Each structure stands twice: as structure tokens, then as C-alpha cells.
Amino acid sequence: MPGGAAQSRAENDEKTAAALLIAAKSFFGEIMSTKGRRSDSDTNAFWAAIAALMPAGLIDGRGGASASRILGVHHRVITKGVEVRAGLEEHGKGWVLLHYSAHQDCVDLRLIGEWWHSDEGST
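Quick note: the sequence shown uses the numbering used here, first residue 57, plus one each step.
1. Which residue from Thr72, His130, Ile115 puts its Cα closest to that of Ala142?
2. On the CB-based measure, 16 or more other CB atoms within 10 Å of its CB, does Leu109 come out buried or exposed?
3. How would you label Pro78, buried or exposed, when you count the other beta carbons within 10 angstroms and need 16 or more for buried?
4. Where do the ends of the alpha helix (DSSP H) carrying Phe83 lie?
5. Taking the C-alpha atoms as reference points, what is the distance between Lys71 and Leu154?
6. What are the start and end residues of each continuous alpha helix (DSSP H) run of 4 or more residues lying completely inside the segment 103-130, in chain order?
7. My assumption, with CB atoms under 8 Å, is that Ala107 sits in contact with Val129. Please give the rounded CB distance.
8. Would a C-beta distance cut-off of 9 Å place Gly150 and Val138 closer than the cut-off?
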């Protein structure tokens, strides 16, 4: 029964597609969720994952709000994800690591290290 096998594959594909969307929502909502800043590595993983899921014409086809609800992320994330994806497709170079400058509220531990090894700190 060729029709039965094709129907079975289609049903399995539908179940798998739903499972993939649930896994993606869990990835963004639980695994990549943060209340503070992401490290550069986490930021790269986040934007690479978002860009991988975004079709080029998603915003033009008015699917941004749906994608936001499905993935559980803010619509600005979807918009930027589409832009990142478009940039990747336009340049055709693949993923380029994102680098950010040091945050202004970081502690510069070199000062403590210098003092620790000075005469004043070692007494």
C-alpha cells in the first residue's frame, strides 16, 4: 500500500515538526533564558539559532508575531533574527562571531593583582 506508507510518513513528519517547535521554544525560553547579560559565546549561540529558524520573508509575510508567540521570544528578537539571516544570505560567508566590548560595570582585577604582589599587599 504505497498510499499508506506516504500517509504514515506525513503524519510522522507533522509530529516531528511540532516536536521541533516545542524544542526550539524550550531552548530559547529555558536553556538560553537569562536575567542578565549573556556571555559572547551564549550570544553567538542565541543569534545563530534564531537566524537558523528565520525564513527570509517572514516579516514581509506578516509572520513575525506568530514566530514570536511560537518561540516565546520578543518580536524585536524575531525582527533582528530575520535581519541577521538576510545578512548571512547576502554575504554568503557563513556565521561571523559576534564580539562585544567589555561591559562598563566589570571589575578590573589587574589592579588587585598588582597590589597583591606589591610590597604593601604582601605584608
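Even glycine gets a Cβ: it sits at the ideal position worked out from N, Cα and C.
Bear in mind the structure is a predicted one, so any value in this text is a computation, not a measurement.
The short version:
1. Ile115
2. Burial call: buried.
3. Inspection of the sequence shows that residue 78 is occupied by Ile rather than by Pro. Label assigned to Ile78: exposed.
4. Phe83 -> no alpha helix (DSSP H), and no H or E assigned at all.
5. 35 Å
6. 120-127
7. With a Cβ gap of about 13 Å, Ala107 and Val129 do not count as contacting.
8. no
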